[in-house]
Every structure is written in C-alpha cells, then in structure tokens.
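> Per full-length UniProt numbering, the sequence shown starts with residue 1, numbered consecutively.
Ideal Cβ positions, reconstructed from N, Cα and C, are used throughout, including at glycine.
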Amino acid sequence: MSRHDHKPTEAEAAEMFEPSSWEERYSGEQKVWSGNPNPQLVAEASALTPGTALDVGCGEGGDVIWLARQGWRVTGADFSANGLARAAQHAEEAGVADRTDWWQVDARTFAAEGRSFDLVTTHFLHPPDGGMVEVTRRLSQAVAPGGHLLVVGHAPSGVFTHLTESHRNAMFLAEDLLPALPDDFEALVVEQRPRTMVRDGATVEVADATLLARRRP
C-alpha cells in the first residue's frame, strides 16, 4: 500500500491536528496549497473597505497575499513556524511583504491580547471535537467595532468518507457557530455554499459552511 493510499488510524488522525504534524508537512520543498485565495474570502472581502485584517490558520499565505494586494494591512497567523516562514517568503515574492506581519499562535488557545482588526478570517480550520465553536468565540474578540468576522469550513458531506471519523466530526455547519457570537455581533451570512473541488483527479461537489458576522460599532 502506498503512502497516498494509507488511511490514517484515529491515533494518527489526532496527531494531524497538532503543530508537529504541520511542521513536518511544511518542511518539504513542494507547495502544499495552490496559493489561490479561498473563494468565499474573495466573495465577501471584495465588498469591504480595506483596513486591517487577521487571517488565522494562514498556512502558506495565499489569502494573506490576496488581501494585501487588495489594499489590506494583513497579519497572518498559524501555529506552524515552517508554514509562517513559507508564507513570509511567498509574500516577499509577491511584492507585498511591506503590508504583512506574522504571528505564531494556536487558534485553540488564541487570545486577542489587546489587538483588534477590521476583518478577522479563517478558512478550513477544523479543530477536533467540535472545537470550532470555541475558536470562533476567541476570534470574535479580535474584531474591531464595525468590523467583520468570516469563518469558512467544510460542511459534512458524503464526499469525505475517505477521511477518519475524527476529521469528519471536525466539520461543521455555519449555524453551529452562532452560539459563539457575542451579543454585539449580527450575523450577515449563515449558509452552506456549494462549490466544486478536484479530489484524486475527479471533480466533486462540496459545500463551504460560511459565517459572516459584523460587530456593531
């Protein structure tokens, strides 16, 4: 059985949620992600006035670079030092290093530490055991008055039967996150948006759980 065909055990799956696994994943020479911005970020942020932004779970920096090119001042945050190093290099190559900063932090223990941003966003961050509700609550604290919070992830789907139970349970619907929003937030978008993706050479239909909320001024 090839490494590609190997389905991880639950123990291996649990390790994949931890920084050490991502440090290893980002230690090679090849890109892990396409570098293209996530479609729901483009759909929502294109309508916003650029200001300061925080992208949590930024990986190799594709969304950070896109935001910076739109005129945002962006902080990319991730728990992988290797991922952040790649992202910084990519931002340099894209000519937007002067509009980007980097912050090594685990979203599961994230604290705003007095910082606030006009846009706080995270895409396809899936902590185990329903942990995205708590992550959303933590991220909301970093949204400036009048600012926006955009959380996007994989909605449960039969397309993902190849994944472990832990990974499938980490997926969520947009409405699952509503209890995390403080009273001074209003939800603007709460929906599962259909999207096509390519997996193992085949085009499949998935849905992006999409929550956009605004903090009242």
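Mapping DSSP to helix, strand and coil, what is VAL96?
Coil.
> For the region 76-88 against the region 132-149, are there 3 or more C-beta pairs whose distance is under 8 Å?
Contact fails: fewer than three Cβ-Cβ distances are below 8 Å.
> Provide the residue(s) that pair with ARG137 in DSSP beta bridges, ordered along the chain.
Answer is none; ARG137 lacks a bridge partner.
> Quick one: which unbroken beta strand (DSSP E) runs of 3-plus residues sit fully inside the region 65-118? Chain order, please.
DSSP runs (the beta strand (DSSP E)) wholly in the region 65-118: 73-78, 100-104.
> Are the CB atoms of LEU177 and GLY147 within a distance shorter than 8 Å?
No, these two residues do not count as a Cβ contact at 8 Å.
> Name the DSSP beta bridge partners of PRO194, please?
PRO194 pairs with ALA207.
> Rounded to whole angstroms, how far is the Cβ of MET132 from the Cβ of GLY158, which I believe are closer than 8 Å?
Not really, about 20 Å apart at Cβ, beyond 8 Å.
> Closer than 8 Å is the cut-off here; do at least three beta carbon pairs connect the region 57-69 with the region 86-97?
The region 57-69, when compared against the region 86-97, does touch it at the 8 Å Cβ threshold.
> Since LEU181 and ALA213 should fall inside the 8 Å C-beta cutoff, what is the C-beta to C-beta distance between them, to a whole number of angstroms?
LEU181 to ALA213, Cβ: 6 Å. Contact.
> Suppose contacts are defined by Cβ-Cβ distances below 8 Å. Is PRO128 in contact with VAL135 by that definition?
Against a cut-off of 8 Å, the Cβ pair of VAL135 and PRO128 comes out as no contact.
> Drop a sphere of 10 angstroms on the beta-carbon of VAL74, count the other beta-carbons inside from all chains shown, and report buried for 16 or more, exposed for fewer.
Buried, by the Cβ-count rule.
> Since I believe LEU211 is in contact with ALA187 (beta carbons under 8 Å), could you give me their beta-carbon distance rounded to a whole number of angstroms?
Indeed they touch by this definition, with Cβ atoms about 7 Å apart.
> Quick one: using the 10 Å Cβ neighbour count with 16 as the cut-off for buried, is SER2 buried or exposed?
With a pLDDT of 29 at SER2, under the threshold of 50, the modelled position of that residue is not reliable, and no figure is offered here.
> Using only the alpha-carbon positions, how far apart do THR121 and ASN36 sit?
Roughly 16 Å between the two C-alpha positions.
> With 8 Å as the threshold, decide whether the Cβ of ARG168 is near any Cβ in chain C.
Here there is only one protein chain, and chain C is not present.
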